[in-house]
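To keep things clear, I will list the structure first and then write my remarks on it.
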Amino acid sequence: MTDDPIIFAPLEGITDPLFREVILELYPEWSYVYTDFFRIPPEGRVPKARLISHMGESIYKNQHLRDKSPFQVLASPTSQTAQCGEVLEELQIPWVDLNVGCPSKKVNAHHGGAWLMSEPKELEKILYSLRNNYSGLLSVKIRSGFKDDSNFNEIIKIVEGEGADLLTVHPRTKTQMYLGLSDWSYIARAKKQLTIPVIGNGDIHTPEDVDRMKRETGCDGVMIGRGGVANPGLAALQRNIKNSNDSSIFLTSFIKKMEIKHAEEVCLKRLKSITHYLFDGEKKSLLLRSKTLSDYRSFL
Ligand SMILES: Cc1cc2nc3c(=O)[nH]c(=O)nc-3n(C[C@H](O)[C@H](O)[C@H](O)COP(=O)(O)O)c2cc1C
87 MTDDPIIFAP LEGITDPLFR EVILELYPEW SYVYTDFFRI PPEGRVPKAR
137 LISHMGESIY KNQHLRDKSP FQVLASPTSQ TAQCGEVLEE LQIPWVDLNV
187 GCPSKKVNAH HGGAWLMSEP KELEKILYSL RNNYSGLLSV KIRSGFKDDS
237 NFNEIIKIVE GEGADLLTVH PRTKTQMYLG LSDWSYIARA KKQLTIPVIG
287 NGDIHTPEDV DRMKRETGCD GVMIGRGGVA NPGLAALQRN IKNSNDSSIF
337 LTSFIKKMEI KHAEEVCLKR LKSITHYLFD GEKKSLLLRS KTLSDYRSFL
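Residues 87 to 386, numbered by our numbering, are exactly what the sequence shown covers, in order.
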């Protein structure tokens, strides 16, 4: 991992390969841009092609972009974790992250994501499988807890003890979903108790927020989700590098890439799902009412 990284967070439904390609091309100031989660299935071998397609073929084929793309997996106690780890290793994926934060009912019912915060022993076994079959950089992204924070200290020790190279903390419990403010004191707590690097995540919207999180928690780097969608130029701003933070430039490139691959209604649906993060007021409602891509373009 590079020093003092600014990392674009995994966002299911948003950070698909096309979205990430545009971020990586237009905003090289992001140190890393995570894939969203790949669910490791309970049976059968995971084909290489599925993993490559999840990362995005053109990203995978470009060593520099591949190096900037941590690959997130979602595993439950019945997943083929060891076998998937082997394939990730064969594919020379440089960084794999385990999702221990997803709050979705469906994911938790299948004993994945944040559910693992409530079952430290199961997390330990999954991490053991991954670590023993994958030798690249291995990280874990956790919440502060499932219903409460009672397992937090035990979980972070397991992450370190099972050989993960770094930890990201999104300090909300699963019950809090994405509501209210995240409690950064958990990031500071992890930083004090562990020797591996700790990445802080939650509610960063400005360069000042980045500085404040580092100052208050001592974290080794930051991860930004919704604030990055709202302002893809945030990493450049933080580094004092001149780059556009105009969302229309981002969206125009994104539309160009999308319309080559997808039907108009698919493109519009994708655009509308990120419009919520990007705009307010009159502009937002105009964009959300677009019936065609050309409407959307003209309202931009
Ligand atoms: C729409 C959406 C999708 C998300 N998908 C993922 C995901 O696939 N994997 C993951 O670890 N976290 C996921 N998260 C959580 C974010 O990565 C991040 O931890 C959270 O949004 C807090 O950071 P932020 O305040 O900077 O957005 C998602 C969050 C949102 C809002």
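Just so you know, even glycine gets a beta-carbon here, dropped at the ideal spot from N, CA and C.
{"Asked": "Separation of residue 266 from residue 93, as counted between CA atoms", "Found": "22 Å"}
{"Asked": "Alpha carbon of residue 163 to alpha carbon of residue 209, nearest angstrom", "Found": "8 Å"}
{"Asked": "Residue 187 Cβ short of 7 Å to ligand 1 heavy atom set", "Found": "yes"}
{"Asked": "Pick from 370, 105, 302 and 295 that is closest to residue 310, judged by C-alpha positions", "Found": "295"}
{"Asked": "Endpoints, alpha helix (DSSP H) assigned at residue 284", "Found": "Premise fails: residue 284 lies in the beta strand (DSSP E), 284-287, not in any alpha helix (DSSP H)."}
{"Asked": "Own chain residues within Cβ distance below 7 Å of residue 62, not counting five before or after", "Found": "Residue 62 lies beyond the residue range present for the chain, which begins at 87 and ends at 386; the question has no answer from this structure."}
{"Asked": "heavy atom of ligand 1 below 7 Å from residue 273 C-beta", "Found": "no"}
{"Asked": "Rounded distance between the beta-carbons of residue 200 and residue 260, thought under 8 Å", "Found": "4 Å"}
{"Asked": "Beta bridge counterpart(s) of residue 123 as assigned by DSSP", "Found": "158"}
{"Asked": "Proximity test, residue 377 beta-carbon vs ligand 1 heavy atom, cut-off 7 Å", "Found": "no"}
{"Asked": "The beta strand (DSSP E) enclosing residue 252, as first and last residue numbers", "Found": "252-259"}
{"Asked": "Chain-order list of residues whose beta-carbon lies under 7 Å from that of residue 132 (same chain, five-residue window excluded)", "Found": "126, 166, 169, 170 and 173"}
{"Asked": "Endpoints, alpha helix (DSSP H) assigned at residue 313", "Found": "312-316"}
{"Asked": "Where the beta strand (DSSP E) containing residue 186 begins and where it ends", "Found": "181-186"}
{"Asked": "Residue 312 Cβ short of 7 Å to ligand 1 heavy atom set", "Found": "yes"}
{"Asked": "8 Å contact criterion, which residue 98 and residue 123 should meet: CB distance rounded", "Found": "6 Å"}
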